[in-house]
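K.L.:
To convert, note that position 3 of the sequence shown is 3 in UniProt numbering; the numbers rise steadily by one, no gaps.
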Amino acid sequence: MFEVEALVAKNRLVVRLWGDLTVDEARRVGDAAVAAIDRLRPRFDLLSDLKGVTSLCSESTVQMRRIMEAAKARGFRRVVRVVGRSAEAALVFERTSREMGYDAYLAFSLEEAERLLDVGAP
């Protein structure tokens with residue numbers, strides 16, 4: 001399951017994933033996130049909440065690349081990823097991030113992620 005939200009006032013894209021992400025859901029996440037990016041101003045932040053993910057399909061990496069290519073084209077500022085206990089998801093997304101040339105800050109709760117984005121990551 002997933003939620004994608006463009007917080008226009010904060011200039012932030014929030015993507016929440018939980019449970020077992022299917023191929024169809026991964027594609028819908030990609031579609032929703034790319035559409036939401038168009039509502040944000042350049043130098044927006046991206047918050048990915050993966051703490052509830054139990055498994056990822058291979059399409060997840062494809063869609064993450066698609067989202068990040070759209071984010072790069074729009075001029076994103078930084079990424080904070082809430083990983084919680086989803087070590088597999090964190091590793092998959094971190095590997096893809098590095099291949100695409102950026103690093104994401106990691107947080108263990110949504111509150112910690114919000115603090116990093118609101119006051120600036122270290």
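Backbone N, C-alpha and C fix where the C-beta goes; we use that ideal spot for every residue, glycine too.
Do you know whose CA, among Gly84, Gly19, Val92, lies nearest Arg65's CA?
P.N.:
Val92
K.L.:
Taking the continuous alpha helix (DSSP H) assigned at Arg41, which residues delimit it?
P.N.:
Bounds of any alpha helix (DSSP H) do not take in Arg41, whose DSSP letter is neither H nor E.
K.L.:
Any contact between the segment 109 to 118 and the segment 52 to 63? By contact I mean 3 or more CB pairs, one from each, below 8 angstroms.
P.N.:
no
K.L.:
Leaving aside the five residues before and after Val80 along the sequence, list all residues of the same chain whose C-beta is less than 8 angstroms from its C-beta, in chain order.
P.N.:
Asp45, Leu46, Leu47, Ser48, Ala104, Tyr105, Leu106, Ala107, Ala113, Leu116, Leu117, Ala121
K.L.:
Using the beta-carbon count (16 or more within 10 Å), is Met1 buried or exposed?
P.N.:
exposed
K.L.:
For Ile37 versus Arg78, is the C-beta distance shorter than 8 angstroms?
P.N.:
Going by C-beta atoms, Ile37 is not nearer than 8 angstroms to Arg78.
K.L.:
From which residue to which residue does the beta strand (DSSP E) around Leu7 run?
P.N.:
2 to 7
K.L.:
Rounded to a whole number of angstroms, what is the C-alpha to C-alpha distance between Leu17 and Lys72?
P.N.:
21 angstroms
K.L.:
Name the residue from Thr61, Arg39, Val82, Asp31 whose alpha carbon lies nearest to the alpha carbon of Met100.
P.N.:
Checking every option, the nearest Cα to that of Met100 belongs to Thr61.
K.L.:
Identify, in the order they occur along the chain, each residue of the same chain with its Cβ nearer than 7 angstroms to the Cβ of Pro42, setting aside the five sequence neighbours on each side.
P.N.:
Closer than 7 angstroms at the Cβ level, and outside the excluded window around Pro42, lie Arg74, Gly75.
K.L.:
Mapping the DSSP letters down to three states, classify Ser97 as helix, strand or coil.
P.N.:
helix
K.L.:
Taking the alpha carbon of residue 141 as the reference point, which residue from Thr96, Asp20, Leu7, Val8 has its own alpha carbon closest?
P.N.:
The question about residue 141 has no answer here: the residues shown for the chain are numbered 1 through 122.
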